[in-house]
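Here's the structure, in structure tokens; my notes come after.
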Amino acid sequence: MRAIVSIAGLTKRYATGGDALKRIDLDIREGEIFALLGPNGAGKTTLINIVCGIVTPTSGRVLVDGHDIVRDYRAARSRIGLVPQELVTEAFETVRAAASFSRGLFGHAPDPRHVEKVLRDLSLWDRRNDIMMTLSGGMKRRVMIAKALSHEPRILFLDEPTAGVDVELRRDMWGLVRRLRDQGVTIILTTHYIDEAEEMADRIGVINHGELILVEDKARLMKKLGKRQLTLNLQEPLAAIPTELGEWSLALNANGHELEFTFDAVEEHTGIPALLRKLEQLGINYRDLNTKQSSLEEIFVSLVSDRATALQ
Amino acid sequence: MSVAFNRHGTWAIYRFEMARFLRTLLQSVLTPVITTSLFVVVFGAAIGGRMSEVNGVPYGAFIVPGLIMLSLFTESISNASFGIHFPKFTGTIFELLSAPVSPFEIVLGYVGAAATKSFLLGLIILATASFFVPIGILHPAWMIAFMALTAVTFSLFGFIIGIWAKNWEQMQLIPTLVVTPMTFLGGAFYSIDMLPPAWRTVTLFNPVVYLISGFRWSFFGTSDVGVSVSLAMTLVFLLACLALVALIFRTGYRLKH
Ligand SMILES: Nc1ncnc2c1ncn2[C@@H]1O[C@H](COP(=O)(O)OP(=O)(O)OP(=O)(O)O)[C@@H](O)[C@H]1O
Ligand SMILES: [Mg+2]
Chain A
-7 MRAIVSIAGL TKRYATGGDA LKRIDLDIRE GEIFALLGPN GAGKTTLINI
43 VCGIVTPTSG RVLVDGHDIV RDYRAARSRI GLVPQELVTE AFETVRAAAS
93 FSRGLFGHAP DPRHVEKVLR DLSLWDRRND IMMTLSGGMK RRVMIAKALS
143 HEPRILFLDE PTAGVDVELR RDMWGLVRRL RDQGVTIILT THYIDEAEEM
193 ADRIGVINHG ELILVEDKAR LMKKLGKRQL TLNLQEPLAA IPTELGEWSL
243 ALNANGHELE FTFDAVEEHT GIPALLRKLE QLGINYRDLN TKQSSLEEIF
293 VSLVSDRATA LQ
Chain B
33 MSVAFNRHGT WAIYRFEMAR FLRTLLQSVL TPVITTSLFV VVFGAAIGGR
83 MSEVNGVPYG AFIVPGLIML SLFTESISNA SFGIHFPKFT GTIFELLSAP
133 VSPFEIVLGY VGAAATKSFL LGLIILATAS FFVPIGILHP AWMIAFMALT
183 AVTFSLFGFI IGIWAKNWEQ MQLIPTLVVT PMTFLGGAFY SIDMLPPAWR
233 TVTLFNPVVY LISGFRWSFF GTSDVGVSVS LAMTLVFLLA CLALVALIFR
283 TGYRLKH
């Protein structure tokens, strides 16, 4: 598939500090939802702000739909909508004026019908004549999205769109993102909520300390790094794992009340039937059992901490 | 959709800035009108009563061009500096930086709006003053030209201050420490011919003298320095500001990290 955003050798060193980005190479495919994951200070916002023209890169090149973001900034930027991480609004501007302003700023002729549609989609139409000061945080967030959508971008950057947003609005937002994707809009979002990336993204990039550690299809990532666990609630606690069970990777939890078996999610032969038979032979009885797949969160934490220990 | 000139974007900025002006219309207009009235009444009537004429012009009328210039300077600077400093302060500038607008269009929008406001204010002050003292305008076209040039130049200057300033104190620094004193010492309320020769020479290094002198000439046909010199100085100042603005955008100075 075609890369709609192409980032090559991008670095950023702020005047005041160390390297915020270290030689990032990344291609965003047209029409995908790409989630950028990373802890605080990883460089997510810096990366987005460079692509959008707010921060100047130290070195490297970014093409947006084939247009260089520096030399051909007009063409590049007119394709991009940005919803920044921080809620910044003009206190005395009305909701509708704010959206119309953004539309004009990005070079579009006024189109009250489009602005109305965007505001309705975001349940802001009833508040169209209210000034920003009187809106709640969640509503301001929606106005920021409305502003970005008012100029019909082909690429939408959402920098932590659901930070400080309630469950319902979060669902709304996910729905909106999907609808936009169906319309062909490419979406790049950053988030701390890993379930969000898990739920939404087609591909996931993990960034830490300014380095892109990994870029992978979500499904493949889950498969590749995903572990599954079988937990057995024992009737009688065990003091130690019997040596007869040495061939399985087991752990004893909850004061010996739980036996936990970790296995690879992709493997054909999990070893579960053999394990259960063995337990029966040994006279270890269990009340209950359940399996669980490791979440992206666990994958992420292990990735970031592996990296950290490897560096030490 | 690559365009050579983003007129919708420029217009959006201009309209936004004008809307801000209209929201605070009463105070925007009332303050300078009251100040002017006070100046004209106090200086014109009280002092003017004892001074009779300067260069053949009644003192009450003589100070009006100076008063208008003083307002043009301060209003242009404060309008333009506030217009660009506020988004920097609140963070809304991100949108401007991420938009497909060129530096020229940004300046046209912000400086155009600030200049429009102060130009209109200049006219309002003129109208207010003529309510108290009779004022004849000898060269109306030149008067308009000087006013427009000054409004644009000082709005550009204000725009630069708004970008340069790191906080609200710094925003006030140049207007209060440089511009207002230079205006008062620049012949706003007197003819520099009234000064001792040594001071007159010093005064000629004050660029404001040339601006006020030219403007006053367009009213009364008399001036401290030649009109062409005035015009040239105004243009020099304008070009200097333009060059500085260009440099700011080229380097991203205090706009981008
Ligand atoms: N304007 C700036 N000046 C100096 N350093 C900065 C600036 N902005 C960001 N940084 C530094 O660059 C690094 C990356 O910051 P960035 O905001 O990109 O992180 P992030 O991944 O978006 O974090 P978060 O999840 O907290 O939003 C951090 O170390 C940060 O302190
Ligand atoms: Mg961030």
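Read top to bottom, the protein sequences are chains A and B. In terms of the numbering used here, the first sequence has 290 at position 298, counting the first letter as 1, and numbering is strictly consecutive. In terms of the numbering used here, the second sequence has 248 at position 216, counting the first letter as 1, and numbering is strictly consecutive. Quick reminder that beta carbons are idealized off the backbone N, C-alpha and C, glycines included. As the structure is a prediction and not an experimental result, all values here were calculated from the model.
Report yes if the C-beta of residue i is less than 8 angstroms from at least one heavy atom of ligand 1; otherwise report no.
i               : result
G130 of chain A : no
Identify whether residue i lies in helix, strand or coil by the three-state DSSP scheme.
i               : result
Q204 of chain B : helix
R282 of chain B : helix
K4 of chain A   : strand
Q77 of chain A  : coil
G52 of chain A  : strand
A243 of chain A : strand
M33 of chain B  : Reliability of the predicted coordinates at M33 of chain B is poor, the pLDDT of 44 falling under 50, and the value obtained from them is presented with this limitation in mind. Three-state DSSP puts M33 of chain B in coil, outside helix and strand.
E252 of chain A : strand
S134 of chain B : coil
S245 of chain B : helix
V165 of chain B : coil
P213 of chain B : helix
H59 of chain A  : strand
P31 of chain A  : coil
E82 of chain A  : coil
G41 of chain B  : helix
K284 of chain A : strand
I72 of chain A  : strand
I123 of chain A : strand
L338 of chain A : The structure shown does not extend to residue 338 of chain A, since chain A is modelled only from -7 through 304, so no value can be given for it.
Y185 of chain A : coil
E85 of chain B  : strand
C44 of chain A  : helix
N111 of chain B : helix
When you measure from the CB of residue i to every non-hydrogen atom of ligand 2, does any distance come out below 8 angstroms?
i               : result
D151 of chain A : yes
T50 of chain A  : no
T154 of chain A : no
T185 of chain B : no
T182 of chain A : yes
Report the option in the options whose CA atom is closest to the CA atom of residue i.
i               : options                           : result
L18 of chain A  : A:G10, A:D11 and A:A27            : A:A27
L204 of chain A : A:P31, A:L141 and A:R220          : A:P31
G129 of chain A : A:V80, A:E208, A:D256 and A:H249  : A:V80
R248 of chain B : B:F221, B:V184 and B:L271         : B:F221
S241 of chain A : A:T48, A:A232, A:A231 and A:F253  : A:F253
F178 of chain B : B:V61, B:T266, B:P132 and B:E85   : B:T266
A44 of chain B  : A:L150, A:E144, A:I147 and A:F93  : A:F93
K149 of chain B : B:I167, B:H117, B:P166 and B:N111 : B:N111
V107 of chain A : A:I264, A:S294, A:R88 and A:Y65   : A:R88
H40 of chain B  : A:F98, A:V62 and A:L13            : A:F98
N200 of chain A : A:V296, A:E78, A:G45 and A:G52    : A:V296
E22 of chain A  : A:A(-5), A:L206 and A:Y6          : A:A(-5)
V65 of chain B  : B:P90, B:A51, B:G76 and B:I100    : B:I100
Y65 of chain A  : B:A147, B:A36 and B:F151          : B:A36
H249 of chain A : A:N282, A:L226, A:I147 and A:L206 : A:L226
Y242 of chain B : B:G219, B:W231 and B:D225         : B:G219
P132 of chain B : A:G176, A:D280 and A:H59          : A:H59
F121 of chain B : B:S108, B:W200 and B:V61          : B:W200
V184 of chain B : B:E107, B:V210 and B:T160         : B:E107
M214 of chain A : A:E190, A:I233 and A:A231         : A:E190
F269 of chain B : B:T235, B:P229 and B:T182         : B:T182
L116 of chain A : A:I137, A:P102 and A:H100         : A:I137
V139 of chain B : B:E85, B:T208, B:L102 and B:Y46   : B:Y46
So does residue i have its beta carbon nearer than 8 angstroms to some heavy atom of ligand 3?
i              : result
L97 of chain A : Only ligand 1 and ligand 2 can be found as ligands here, which leaves ligand 3 out of the picture.
Can you give me, in chain order, the residues of the segment 44 to 57 of chain A that have a beta carbon less than 7 angstroms from any beta carbon in chain B?
-> C44, G45, I46, V47 and T48
Relative to chain A, which residues along the segment 251 to 284 of chain B have a C-beta separation below 9 angstroms, given in chain order?
-> G284
Quiz: which residues have CB nearer than 6 angstroms to ligand 1 non-hydrogen atoms | A:Y6, A:T8, A:G9, A:A12, A:G30, A:N32, A:G33, A:A34, A:G35, A:K36, A:T37, A:T38, A:Q77 and B:H289
Residues in the segment 92 to 125 of chain A with C-beta within 7 angstroms of chain B's C-beta atoms, listed in sequence order?
-> F93, S94, G96, L97, F98, G99, H100 and A101
Contact residues within the segment 130 to 153 of chain B, judged by C-beta distance below 8 angstroms to chain A = S130, A131, P132, V133 and S134
Near-chain A residues of the segment 181 to 207 of chain B (beta-carbon distance less than 8 angstroms), N- to C-terminal order = none
Below 9 angstroms between beta carbons is the criterion; list the residues of the segment 45 to 68 of chain B that meet it against any residue of chain A, in chain order.
-> I45, R47, F48, A51, R52 and R55
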